[in-house]
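Here numbering that gives the first Met the number 0 is used: the first residue of the sequence shown is 0, the next is one more, and so on.
The beta-carbon is built from N, C-alpha and C at its ideal position, and this holds for glycine as well.
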Amino acid sequence: MTSHVGNSLFNQGNLSSPLPITISIQNDSVDKIRLAVKSVSPSVALEWINSKNEKGLTLLAQVIEFRSDEQDKMEIVRFLVEDCKADVNLADHDGWTPLYRASTGTRSNILEYLLKHHANPNLANKDGSAPLHRSADRGNSQDIQTLIAYKADVDQVNCFGTPLAYAAKNGNTNIAELLLDAGADPNLVNDPLGLTPLGLALNNFKDEMVQLLRQKGALESTSIDSEVHTSLSKLSYSGDRETILKSFFMREIDHYGRSVAHYCAHAGQLEIIQAMGSQGLDNSDGKGRPPFHYAIMKGHHEIVRHLMSQSIQCALDSKDHQGYSPLMWACQYNQVEIASDLLEKAIEQNKIESILQIKDNFGWSALHKASQVGNVKMVKMLIERYKMDVRQLTLKGESALDLAKITHSGDVISYLETLMQLPLGVHKV
């Protein structure tokens, strides 16, 4: 089956397409699509419907993603699922199921319909994200309630954390209450360097969320006695300088792919980082992150400056496995001064344009991240001083303003709405 994502055509002449005519899932009428599919035998139609395009999307997934008319979309989904018996759990190459595509916060009717027809709410994509993570991030309480009713795992963990972690970072107390009432663990993390929901709320200055989580017994950081900690993460907090350095120079790593340097950078242990010299401080862990990234996340400015001053690879334009650059981490964690230093260093290295143009695996730029977090100072710096384009879109077609609205970031929304009224070309890299 040949599919063009831009126009979503299914062409006759393609050996894998049994249909006698060309159809467009974006533009053709429901009756035409139904007639075309019914023109072949049910078994042939089902095999074709469940086949995947070059990106791994089935026909059901493409209808959910690309059909613009919501009423027609629902009718086509019903036809594919009920009449043609389409597999509702087939994932694309990134692990996205039709249900995950329906969890945008704007497709609640399709999400509930798929669940009623045996879609698995706990199938995760490649980064571990399930529909509940996405719905929590988007802040749709109806979708959260529906997913919970269909036994979605409230403690499922992806590379960022639990669904509660998304609600916490965004300050969405309504979503957090739904998850907590359903039994979500307020202290669950799957990584010793991962922030707890309370840690995220504190980092993003979400005061109401902080109050709610503390009432539920949430902790600011993971206990050193937690099973999530490894011998190396525990060693970094031991204060045993000699043993820490011995472990580092012996290049010991744990099952996260980290050396003790990653944990010391995260903990802000400047003197020990300085004693490590330059060899090995550029090694990345299993997530593609060197110690430099963790120092940025935690706001350890002196360690960041020290690492940037060394002749080691603290590449400003490098990306981890999620596509995050050092600047993106600074934006994600509200580290305005560190972001400013990174950008000044980029100017010094003649890399400023390439740094500002970096996007993660979902097409998010540093400006998108700063806008979603709601840091108006960071947003203004990126736009006014570094001329980032306020109109640039993610792969899903979202602007910085759209993302600020998801997290109800009032100051950022007001600022960006004013800029969006200016002529094209203003405030652009």
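Query: V4 classed as buried or exposed, judged by whether at least 16 other C-beta atoms fall within 10 angstroms; Result: Low confidence applies to V4: its pLDDT is 36, below 50, so where it sits in the model is not reliable enough to give any reading.
Query: Residue of S308, D319, K37 minimising C-alpha distance to C158; Result: D319
Query: 8 Å Cβ cutoff met for I32 and A85; Result: no
Query: Distance CB(H92)-CB(K37) smaller than 8 Å; Result: no
Query: Continuous alpha helix (DSSP H) assignments of at least 4 residues falling wholly in the region 207-268; Result: 230-235, 240-248, 259-266
Query: Sub-8 Å separation of P97 and A151 beta-carbons; Result: no
Query: Span of the alpha helix (DSSP H) around G198; Result: 196-202
Query: Local Cβ density within 10 Å of M0, reported as buried at 16 or more and exposed below that; Result: Because M0 carries a pLDDT of 32, less than 50, the predicted location of this residue cannot be relied on, and no value is offered for it.
Query: Identified DSSP bridge partners for I354; Result: For I354, which the question treats as bridged, DSSP gives no partner whatsoever.
Query: Segments of 4+ residues assigned as alpha helix (DSSP H) that fall wholly inside the region 146-188; Result: 162-169, 172-180
Query: Where S23 sits in the DSSP three-state scheme; Result: strand
Query: DSSP-derived helix/strand/coil call for P191; Result: coil
Query: A217 burial status per 10 Å Cβ neighbour count (16 or more: buried); Result: buried
Query: At least three beta-carbon pairs within less than 8 Å, the region 233-251 to the region 204-211; Result: no
Query: C330: first and last residue of the uninterrupted alpha helix (DSSP H) it sits in; Result: 325-331
Query: C-beta contact flag for N429 and T172 at 8 Å; Result: Outside the displayed span of the chain (0 to 428) sits residue 429, for which this structure offers no information.
Query: Beta-carbon proximity of L146 to L131, cut-off 8 Å; Result: yes
Query: Identity of the residue in I302, N88, K72 nearest T57 by Cα; Result: N88
Query: Three-pair Cβ contact test at 8 Å for the region 397-417 versus the region 210-229; Result: no
Query: Length-filtered (4 minimum) alpha helix (DSSP H) runs lying within the region 104-146; Result: 107-115, 130-137
Query: Exposure label - I346; buried when at least 16 CB within 10 Å; Result: exposed
Query: Between the CA atoms of T103 and G362 - distance to the nearest angstrom; Result: 16 Å
Query: Helix, strand or coil at G53 according to DSSP, with G and I counted as helix; Result: Gly is not the amino acid found at residue 53; the sequence shown has Glu there. It is coil, neither helix nor strand.
Query: Cβ separation of Y323 and L355, assumed to be a contact under 8 Å, to the nearest whole Å; Result: With a Cβ gap of about 14 Å, Y323 and L355 do not count as contacting.
Query: P191 burial status per 10 Å Cβ neighbour count (16 or more: buried); Result: buried
Query: Whole alpha helix (DSSP H) elements within the region 266-313, 4-residue minimum; Result: 269-274, 290-297, 300-308
Query: Cβ neighbours of T242 in the same chain (closer than 8 Å, five flanking residues each side left out); Result: L234
Query: Distance CB(H265)-CB(K297) smaller than 8 Å; Result: yes
Query: Three-state secondary structure assigned by DSSP to A365; Result: helix
Query: Of the residues I295, E343, D281, the one placed nearest C313, counting alpha carbons only; Result: D281
Query: Where Y99 sits in the DSSP three-state scheme; Result: helix
Query: Which of helix, strand or coil DSSP assigns to T417; Result: helix
Query: Spatial distance of E69 from G409 (CA atoms); Result: 29 Å
Query: Min CB distance T21 to chain B below 8 Å; Result: Structure shown: chain B not included; a single protein chain is present.
Query: S28 in three-state terms, based on DSSP; Result: coil
Query: Beta-carbon spacing of M380, V335 below 8 Å; Result: yes
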